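For the sequence shown, this note's numbering assigns the number 57 to the initial residue and increments by one for each residue that follows. C-beta: ideal position from N, C-alpha, C; glycine also. Only a predicted model underlies this, so the values are computations on that prediction, with no experimental measurement involved.
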Amino acid sequence: MRYSTWHTFFFDIKTGKPDHEATCQGYRDGSAWARGQAWGIYGLALSYRYTRDSSLITLFRKVTEYYLEHLPSDLVPYWDLEFTDGSGEPRDSSSASIAVCGMLEMAKYLEEQEKKQYTSLAKKIMKSLYDSYAVKDAKTSNGLVFHSTYSNKSPYNTCEHKGVDECNSWGDYFYMEALTRLHKDWELYW
57 MRYSTWHTFF FDIKTGKPDH EATCQGYRDG SAWARGQAWG IYGLALSYRY
107 TRDSSLITLF RKVTEYYLEH LPSDLVPYWD LEFTDGSGEP RDSSSASIAV
157 CGMLEMAKYL EEQEKKQYTS LAKKIMKSLY DSYAVKDAKT SNGLVFHSTY
207 SNKSPYNTCE HKGVDECNSW GDYFYMEALT RLHKDWELYW
């Protein structure tokens with residue numbers, strides 16, 4: 057079974073039964089939109105926090121594993137996980153920050169070995185973000201982290217080419233949250 061997430065899922069309005077899945081911001085139906093996969097990682101961690109449903113840990117592991125297995129060598133994804141090193145496609149650094157927050161949240165509830173594993177991976181991703189994507193001179197940018205992507209047009213999706221290869225508010229927010237989580241326990245407000 058594949059543990060990638062769909063951007064959108066449609067239900068029959070009369071029966072409520074699943075109808076079909078699709079993407080808007082991903083490259084194509086069947087690929088994995090990087091930020092959507094990161095939302096899945098973080099969402100599963102938050103869901104576990106509030107429900108303590110152990111099946112969510114299993115699902116978290118699989119969704120996170122899918123994400124990690126599709127990262128390029130510098131650990132910051134392209135806008136869709138279908139793309140790998142050398143593709144020339146835009147990155148989505150915001151996805152990396154969101155995924156780190158999810159891994160650090162879930163690490164709080166895991167056994168020591170697994171906690172160390174996810175924390176170590178989160179630190180490696182954050183090091184890459186800091187070294188290669190973070191703004192070093194505030195005079196050169198209106199944000200904190202370069203190379204985020206809001207939506208990128210492809211032959212298979214319906215979105216427009218907007219906010220590609222720039223800073224964005226959620227990327228900056230989750231970058232700061234991830235930095236805070238690495239230095240102290242994060243006090244959630246959602």
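Quiz item: What number of angstroms, rounded off, separates the C-alpha of residue 240 from the C-alpha of residue 63?
Solution: 32 Å
Practice problem: Along the alpha helix (DSSP H) that carries residue 218, what are the first and last residues, could you check? | Solution: No alpha helix (DSSP H) holds residue 218; the beta strand (DSSP E) holding it covers 218-222.
Self-check item: residue 204 versus residue 210 - alpha carbon distance
Solution: 17 Å
Practice problem: Could you pull out every unbroken alpha helix (DSSP H) segment of at least 4 residues lying fully inside the stretch 153-235, listed in chain order? | Solution: 168-188
Practice problem: Quick one: measure Cβ to Cβ for residue 101 and residue 136, integer angstroms, because I've assumed they're closer than 8 Å. | Solution: Rounded, the Cβ-Cβ distance is 22 Å, inconsistent with contact.
Quiz item: Thinking C-alpha only, which one of 86, 124, 162 is nearest residue 99?
Solution: 162
Quiz prompt | the stretch 184-202 contacting the stretch 148-168, beta-carbon criterion three pairs below 8 Å | solution = yes
Practice problem: Consult DSSP for residue 66 and reduce its assignment to one of helix, strand or coil. | Solution: strand
Quiz item: CA-CA distance, residue 82 and residue 206?
Solution: 10 Å
Quiz prompt | Cβ-based neighbour list, residue 226, same chain, cut-off 7 Å, excluding 5 preceding and 5 following | solution = 150
Quiz prompt | Spatial neighbours of residue 59 in its chain, beta-carbon cut-off 8 Å, leaving aside the 5 residues before and after | solution = 115, 118, 119, 121, 122
Practice problem: Can you give me the start and stop residues for the beta strand (DSSP E) that residue 77 sits inside? | Solution: 74-78
Quiz item: Secondary structure at residue 245, three-state DSSP: helix, strand or coil?
Solution: coil
Self-check item: Cβ-based burial, residue 160 [other Cβ within 10 Å; buried from 16]
Solution: buried
Quiz prompt | Pair within 8 Å by beta-carbon distance, residue 200 and residue 231 | solution = yes
Self-check item: Three-state secondary structure (DSSP) of residue 84
Solution: coil
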